[in-house]
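Residue numbers (mature numbering (1 follows the signal peptide of the UniProt record, and there is no 0)): -19 to -1, 1 to 116.
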C-alpha cells in the first residue's frame, strides 16, 4: 500500500469590509487607499477584491515551512525553504531531508520526511550513537 501526501502552505480566511467613505465611481476605499474594481493586494498576505464599492479580503495564514532555515522572500507571504526540506542535528548541523550524516565518530543523524510542513514538520534530526566494543 502506498501513502499519498500533499503539501499545503497556506490557508485563506475570508473577511468582508464595507467602505466607510464614498468610493470613487467604480472603485473602493480600503485603509485610506483607493482601489479600482477588481482584485488588489494591499500586502502579500491579503488578497482583496473590490466589487460595487465593497472590499472582500482573504487573510493568508502560513503553515510552518518544512525546514530549519526558512527565509522570507520580498513580495511573497509565506516563508520558503531555499535549501529544501531539512532538519537540525543536536550540534547545529543542517541535515537534508532523507539524508544521514555522521556528526561525530559513532554518531549518525537522519532527517526524516517532513510530510509537507505544517503539523507534520520535524525540525530535529533523529540521531543514534554506536559504541564500539573494544578494550
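The beta carbon of each residue, even a glycine, is placed where N, CA and C say it ideally should be. Given the structure is predicted, the values throughout are model-derived calculations rather than measurements.
Compare the Cα-Cα distances from residue i to each of the options and report the closest residue.
i: residue 70; options: 80, 9, 59; result: 80
i: residue 30; options: 77, 8, 13, 41; result: 8
i: residue 40; options: 85, 105, 68, 21; result: 21
i: residue 32; options: 23, 24, 26, 10; result: 10
i: residue 67; options: 26, 105, 111; result: 105
i: residue 55; options: 107, 88, 25; result: 25
i: residue 35; options: 53, 52, 15, 45; result: 15
Who are residue i's beta bridge partners in DSSP?
i: residue 82; result: 90
i: residue 69; result: 75, 105
i: residue 15; result: 10
i: residue 52; result: 61
i: residue 20; result: 30
Could you tell me the alpha carbon to alpha carbon distance between residue i and residue j, rounded to whole angstroms?
i: residue 64; j: residue 50; result: 8 Å
i: residue 92; j: residue 60; result: 20 Å
i: residue -8; j: residue 82; result: At residue -8 the pLDDT is 49, less than 50, meaning the model places this residue with poor confidence and gives no usable figure here.
i: residue 6; j: residue 19; result: 13 Å
i: residue 62; j: residue 47; result: 7 Å
i: residue 43; j: residue 57; result: 11 Å
i: residue 72; j: residue 84; result: 8 Å
i: residue 77; j: residue 89; result: 13 Å
i: residue 38; j: residue 53; result: 22 Å
i: residue 108; j: residue 86; result: 12 Å
i: residue 110; j: residue 12; result: 57 Å
i: residue 28; j: residue 45; result: 20 Å
Hey, is residue i's beta-carbon within less than 8 Å of any beta-carbon in chain C?
i: residue 40; result: Note that chain C does not occur in the displayed structure, where there is just one protein chain.
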